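Below you'll find the structure, written out as structure tokens, and then a few comments.
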Amino acid sequence: MNFNSLQYLLFLPAAILLYYLLPHRWRNPLLLVLSFYFYMCWVPRYALLMMFSILVTYFCARLLSAQALRQRKLWLAICLLLNLSVLFFFKYFNFAAELVGHLLTSAGLTVAAPRLDVLLPVGISFYTFQALGYTIDVYRGETPAERNFITYALFVSFFPQLVAGPIERSAHLLPQFHEKHSFCYANIKAGLLPVLWGLFKKMVIADPIAVLVNTVYAAPQDYSGWLLTVATACFAIQIYCDFSAYSDIARGSARMLGFRLMRNFDCPYFAVSIRDFWRRWHISLSTWFKDYLYIPLGGSRCSRLRTDLNLLIVFAISGLWHGASLTFLAWGILNGAYQIAGSHTLPLRKALRARLHIAESNPALQIFRYLFTFALVCFAWILFRAENISDALLIMHRVLDLPAYGTLLPRGLGSLGLTRPELLVIFAAILLLAVVDLRGKNCDIAAALDKHIACRYLVYFLLITAILLFGSYGPGYDPQEFVYFQF
Amino acid sequence: MSQKKRESIAAILLLLALAAFLFIGGRILKPKQADFGSNWGPFLQEAEDSIDIMFFGSSLAYCDIVPAIIWENSGYSAYVLAGGEQPLAVTYYYLREALRHQSPQAVFVEISGLFYSQDTDYLKANIGNMPLTANRLHATFEAAPVSEWPALFLPFCAYHDRWDELTREDFRYALLGYEPDPLAGYTFLSTSTPTMGRVTREIDFEQENYEHNLSYLQQIADYATEHDVAVIFYIAPSYWLPEKKYLDLAAADARAIDNAIFYDMNDDFAALGIDDSIDFFDILHFNYRGAEKFSTYLGHLICTLELDTPTADTQLWQSRSEYFHQLAAEADAASANLSQ
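Structure, rendered in structure tokens:
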């Protein structure tokens, strides 16, 4: 059940209505049933995997909270091992087997790599990380082990954020399941705007622009450097709109039920450095890795070399978290390398600025930083989007080969599956997105709209009509799954 | 005014504005259909109770029957209200809806719809162009698969992707409505395809589907009889007919229906005077020349039915006749130029 489906548009109001109609004690069981129903709309049997993860983390957390340190370590290790084994089996087994097969072949041994014919369970990386985060919090004594199984199961499976995050922290979300949420129109209002804005980003920008991106990336050898650059920039916008749309709809849906989910994006394409970008992009995952991997590895409180290595390890694992493929691994490592290069060149850049008498707050410098960071991010997205490493290398080569722009089978934008009016609408929508993101940096747009009822309803009207008219839905369209579902 | 009241009023206004947007937008975005069947827009512009004979069915009705020629040969005003590959369930609701506006003396129903399934590509046009009445709802529920319901209830959503191909005509039709059709539901097909005699048309015969359609044939006869309208079922003359066993089945079933007359026009094909080399648009349909000959034949046939005196507006039908002959003359001249 995709967020941009008619099914969900019927499911959500029904869920909200039932939730507020039921007495408080029945609400969590109801949400649990609805969450499992929501999840089972994909592949019903994979709900068993989620239940396995819930059971393991629930009981391990209960056990480790009551044990001495040594036994706690044991239970934590068991919990991590069981959960990560499931994740490995479904997500990484084929990749690992293929890799081992290649290594053996290059060593002169001919071994047929075994291959599992299984579908990746939707959202497995998200709920596994959320459940593991909880277990580690309990181990560290930061969160008490949840006694009520239904409440805990709901924490892992809460439908708005189950499939693609945000990956919530136990200290933030778990207590909310113990609160009593009375019906409050302010929550509906506060939830409606992100839901509409998310649908707008997904259906008016991400899905239509995906047509262009898919066309180019399906046969990159046929396109010139500048079209590959355009397609890559479009992919940057597509993946941002797609993923942040999911987070917005998740936050909005949860808010209508009285829950507050964490913010997952903070205008990432207005970042002034790669480090800044990762503070703004998929915040729930970045902070998860920081808290549960980077800091335990030593973080930045160790030698320069070790800090760099920690960064590379974290980003490499983050890359693999996104997908079992060398392209994702390379994408992660490249982002780690960007950060290392950024921190090593910081004194040099500071000195250069001082020499040129450019103030830190200089607007031109600021714009240059936005553009340079965006260019670096886009360059890395090539690895994320390309079908394989050789395609990625070809695209990178053509993108960097500026003198050859336009000479290799030049084609216009019109040949990429979108009409000129469609391109214009997408362009206008992206401009609107940029304005909203830029304004949103300094002020709370939702709060500002809340003060002017006519403006707020006009915004609702314009968003709904834009989605209905320009959105990607209905016969003849192939609505794209949310990109992050595959992770 | 309290905040709660203001919110309620704003929410109601939003819903009303969205409903208006969907309704008006749907009218603008929906493809306009003035010919090739499902021509409800022009049909509803006809003066009430001004049509003597109505023709229903599939493309074999709107491509092969020229009402102006029928008027010339019988004096009766006629109109074709058919739809591409129309299942008989839809034909039944076409008849019911048509009889709300007209009181014909006879209706002709072309029965190839007995073989059509419920989810043909044409269904959206067949039902979507009907006026929004109970008959349209019935047609939707009874003839359209559930997957098509949202598109049939909300044309805006079905056709929203047309926003970048809208023309001034789309706005004109949507805001000002259709004009009466001087061809009265006939679709003028000017080109010729020489034919080489009969070829068997492969059909995907499903007993359940056939029986479902057959039940509507009975309902058509019953409903027409209730309204004192003579019913004539017929198989249209064509060179692309289903296997004989299916035709015989359809003919036998149509003949068995009470209160209806049945004709297989193929039995008297020679009497039409069809020229295989110039009278066909394709193997299934006549072009304007073949349609004129078949309509002349039908006009004579109508004269043999015991109908009341014609009520046709002579001036109007004279102009419609002239219009058809003018189009025919232009098409003749064009084909003569082409052959030189």
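Chain order of the listed sequences is A and B.
So for the first sequence, the working numbering puts the first residue at 15; every next one is plus one.
So for the second sequence, the working numbering puts the first residue at 181; every next one is plus one.
Beta carbons: idealized from backbone N, C-alpha and C, even for Gly.
Since we're looking at a predicted model, the values are computed, not measured.
Open item on the list: Any contact between the segment 142 to 161 of chain A and the segment 235 to 254 of chain A? By contact I mean 3 or more CB pairs, one from each, below 8 Å.
Closed with: no
Task: Partners in chain B for Phe-197(A), counting only beta-carbon separations shorter than 7 Å - done: Simply none; closest approach about 13 Å.
Open item on the list: On the DSSP letters alone, give me the boundaries of the alpha helix (DSSP H) that Val-552(A) sits inside.
Closed with: Nothing can be reported for residue 552(A): it is not among the residues displayed for chain A, which extend from 15 to 501.
Task: Proximity winner among Leu-478(B), Glu-328(B), Glu-486(B), relative to Val-409(B) (alpha-carbon distances) - done: Glu-486(B)
TODO: Taking Leu-275(A) as the reference, give the member of Glu-182(A), Arg-154(A), Leu-62(A) with the closest Cα.
DONE: Glu-182(A)
TODO: Tell me whether His-262(A) sits in a helix, a strand or coil according to DSSP, three-state version.
DONE: Per the sequence shown, the amino acid found at residue 262(A) is Asp instead of His. It is helical.
TODO: Below 8 Å between beta carbons is the criterion; list the residues of the segment 185 to 213 of chain B that meet it against any residue of chain A, in chain order.
DONE: Arg-186, Glu-187, Ala-190, Ala-191, Leu-193, Leu-194, Ala-197, Leu-198, Phe-201, Leu-202, Gly-205
Open item on the list: Counting only Cβ pairs nearer than 8 Å, list the residues of chain C close to Glu-436(A).
Closed with: Absent here is chain C; the protein component of the structure consists of chains A and B.
TODO: Answer yes or no: do Asp-262(A) and Pro-208(A) have a C-beta to C-beta separation smaller than 7 Å?
DONE: yes
- [ ] Pick out whichever of Arg-316(B), Gly-293(B), Leu-294(B) has its Cα sitting closest to the Cα of Lys-304(B).
- [x] Arg-316(B)
Task: Residues, ordered as in the chain, of the segment 321 to 339 of chain B that lie near chain A by beta-carbon distance below 8 Å - done: Pro-330, Ala-331, Phe-336, Cys-337, Ala-338
- [ ] Say whether chain B places a C-beta atom closer than 7 Å to the C-beta of Tyr-22(A).
- [x] no
TODO: Starting from Pro-422(B), follow its DSSP beta bridges and name the residues at the other end.
DONE: Arg-381(B)
Open item on the list: If I measure Cβ to Cβ from Phe-351(B) and keep anything under 7 Å in the same chain, skipping five residues before and after, which residues do I get?
Closed with: Ile-208
- [ ] Give a yes or no on whether the C-beta atoms belonging to Arg-86(A) and Tyr-33(A) are separated by under 7 Å.
- [x] no
Task: C-beta atoms of Lys-473(B) and Leu-507(B) nearer than 7 Å - done: no
TODO: Using the Cα positions of Ala-471(B) and His-480(B), report the straight-line distance between them to the nearest angstrom.
DONE: 14 Å
TODO: Could you pull out every unbroken beta strand (DSSP E) segment of at least 3 residues lying fully inside the segment 385 to 449 of chain B, listed in chain order?
DONE: 410 to 415, 420 to 422, 440 to 444
TODO: Measure the CB-CB distance between Ser-317(A) and Ser-171(A) and report whether it falls below 7 Å.
DONE: no
Task: Boundaries of the beta strand (DSSP E) in which Met-410(A) is found, first to last residue - done: Taken as a continuous stretch (DSSP letters only), Met-410(A) belongs to no beta strand (DSSP E), being part of the alpha helix (DSSP H) at 403 to 414.
Task: Gly-308(B) burial status per 10 Å Cβ neighbour count (16 or more: buried) - done: buried
TODO: Please state whether DSSP places Val-289(B) in a helix, a strand or coil.
DONE: strand
Task: Closest by C-alpha distance to Ile-288(A), when choosing among Gln-21(A), Thr-359(A), Leu-311(A), Tyr-237(A) - done: Thr-359(A)
Open item on the list: Closest to Arg-277(A) by C-alpha separation, out of Arg-293(A), Ala-285(A), Met-270(A), would be which residue?
Closed with: Arg-293(A)
Task: Reduced DSSP secondary structure (H/G/I, E/B, other) of Met-234(B) - done: strand
Task: Amino acids of chain B, ordered along the chain, whose beta-carbon sits closer than 7 Å to that of Leu-366(A) - done: Near Leu-366(A) there are no residues of chain B at all, since even the closest Cβ is about 49 Å away, more than 7 Å.
Task: Cα-Cα separation between Gly-255(B) and Ile-440(A), rounded to whole angstroms - done: 58 Å
Task: Own chain partners of Leu-408(A) with C-beta closer than 7 Å, once the 5 adjacent residues on each side are dropped - done: Pro-234, Gln-235
Task: Which of helix, strand or coil DSSP assigns to Ala-389(A) - done: helix
Task: 7 Å Cβ cutoff met for Ala-167(A) and Ile-68(A) - done: yes
Open item on the list: Between Thr-229(A) and chain B, is any beta-carbon pair separated by less than 7 Å?
Closed with: no
Open item on the list: Measuring alpha carbon to alpha carbon, tell me which residue in Pro-374(B), Leu-261(B), Glu-345(B) is nearest Val-289(B).
Closed with: Leu-261(B)
Task: Local conformation of Val-260(B) per DSSP, three classes - done: strand
Task: One or two residues paired with Phe-460(B) in a DSSP bridge - done: Phe-466(B)
- [ ] Could you confirm whether any beta carbon from chain B is found closer than 7 Å to the beta carbon of Ile-440(A)?
- [x] no
Open item on the list: If you measure between the beta carbons of Ala-170(B) and Phe-413(B), is that distance less than 7 Å?
Closed with: Since the first residue of chain B shown is 181 and the last is 520, residue 170(B) is not available in this structure.
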